[in-house]
Amino acid sequence: MTADSGGASQVAIVLGTRPEIIKFAPVIKACDRRGVDCLLVHTGQHYSEDLDQVFFDQLELPTPDYNLEVGSRSHGEQTGRMLEGIEDVLDEHAPDVVLVQGDTNSTLAGALAASKSNVDVGHVEAGLRSFDRDMPEEVNRVVTDHIADYLFPPTEETRSHLERESVAGEIVTTGNTIVDSLYEYRDLAAEKSDVLSDLGLQEDDFYLLTAHRAENVDDRESFARLLEGVSRFAAQTGREVVYPIHPRAQSRLDEFDLTLPEEIRTVEPLDFLDFLRLESAAALVFTDSGGVQEETCILGTPCVTLRYSTERPETAYVGANCLAGLDPDDVVEAGSTMLGKDADWDVPFGDGRAAERILDTLAAGVEPDAAEVSP
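If you want the numbering used here, it's the 1-based position in the sequence shown plus 19.
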């Protein structure tokens with residue numbers, strides 16, 4: 020879609036991970052409501068046929084038009100194969116705009132393929148910065164922002180990063196589509212999910228752990244320290260930790276011959292509604308995920324982040340999140356700070372209408388700022 024096209028008649032959405040499915044769901048549904056042709060391209064970056072299909076089913080989304088089935092590979096090989104596959108799709112369909120989300124290799128590949136095919140790029144969740152170039156995601160998001168024709172930052176803080184970098188594309192602050200999704204599905208999760216009874220858990224009487232980042236689980240010492248800090252806090256406070264473990268993290272546990280502390284119980288990866296229910300019901304969440312930092316803030320669950328930097332500082336600014344790093348003493352201290360904290364913070368990610376603002380912008384065709392509404 021060019022600046023004088025009068026709006027997009029076909030939007031291609033490139034996604035490759037389950038968080039992208041969740042965050043793009045409101046946009047896909049908004050396209051359907053407005054009669055916009057939506058072409059779904061799944062790169063297969065983190066593809067599990069059974070679990071991915073459950074996500075599409077629970078979110079009531081159509082099956083992707085294309086699945087590139089790239090799978091887990093090195094960053095370079097994975098991105099290269101995605102580029103090749105996405106370019107083939109764009110050559111066949113010539114959409115008006117390609118939407119990418121966040122900071123994955125699928126995000127970067129979609130943006131590069133569209134740009135090289137002379138198709139406009141819209142970056143959903145633009146402007147996030149950890150200011151840590153050692154994170155592959157930081158490189159992906161910075162490059163994508165400087166390629167994009169339309170940038171949709173979720174907050175004024177993320178918008179300010181884009182303005183400071185003088186990006187060339189049009190900037191529209193929309194809020195974050197994760198708010199749209201959680202507002203739509205949190206009650207359904209409470210109604211439909213049996214995960215608490217299935218796991219023998221009581222609301223507000225357990226902790227939830229997610230840990231999957233390469234810098235945390237691919238290094239034996241880092242992984243061991245992470246587990247020690249979380250388990251020590253659990254032992255001191257008399258609660259169990261539930262850890263839905265990523266296959267890569269499980270393989271590292273086996274490879275490193277690490278024994279899980281008795282306070283931590285691993286479970287298989289969960290579908291969307293079950294995980295949302297656990298996030299809502301946990302007394303505290305420990306995570307190294309950027310998306311989980313947002314979700315817990317929205318749901319009112321205190322969070323401790325097992326990283327030394329974050330691209331979601333707004334969660335800490337409002338008091339919903341504490342950045343702990345990996346030192347066990349610091350993790351215990353952060354847990355003590357956050358446990359039992361009243362969820363009286365303001366949600367900084369908008370009002371649940373981000374998808375509508377994105378589609379308003381694309382429909383405008385010219386002067387995207389005319390579609391902007393403060394989230």
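All C-beta atoms in this analysis are idealised placements derived from N, C-alpha and C, irrespective of residue type, glycine included.
In this structure, DSSP gives ASN159 a helical state, which the three-state scheme calls helix. Pairwise C-beta distances place the segment 194 to 201 in contact with the segment 310 to 317, as three or more of them are shorter than 8 Å. Under DSSP, ASN86 shares a beta bridge with HIS61. One Cα belongs to VAL140, the other to PRO367, and the distance between them is close to 25 Å.
In the structure shown, the three-state DSSP call for TYR169 is strand. Here the alpha carbon of GLU111 sits roughly 15 Å from the alpha carbon of SER134. Using a 10 angstroms sphere on the CB of SER250, the tally of other CB atoms reaches 16 or more, which defines it as buried. Contiguous alpha helix (DSSP H) elements confined to the segment 230 to 301 occur at 233 to 236, 239 to 256, 266 to 275 and 291 to 300, taking only those with 4 or more residues. DSSP links VAL116 through a beta bridge to VAL30 and ASP139.
Under the three-state reduction of DSSP output, GLU184 falls in the coil class, being neither helix nor strand. In terms of CA proximity to PHE75, ASP290 leads the group ASP290, VAL311, ALA362 and LEU303. Rounded to the nearest whole angstrom, the C-alpha separation of ALA373 and ASP276 is 45 Å.
A Cβ-Cβ distance of about 6 Å is found for the pair SER125 and LEU34, placing them in contact under the 8 Å criterion. Take VAL323, set aside five residues on each side of it, and the residues of its chain with a beta-carbon closer than 6 Å to its own are PHE305, CYS341, ALA343, ALA353, GLY354 and MET357, in chain order. Residue environment: ASP71 is assigned as buried (16 or more neighbouring CB atoms within 10 Å of its CB, all protein chains considered).
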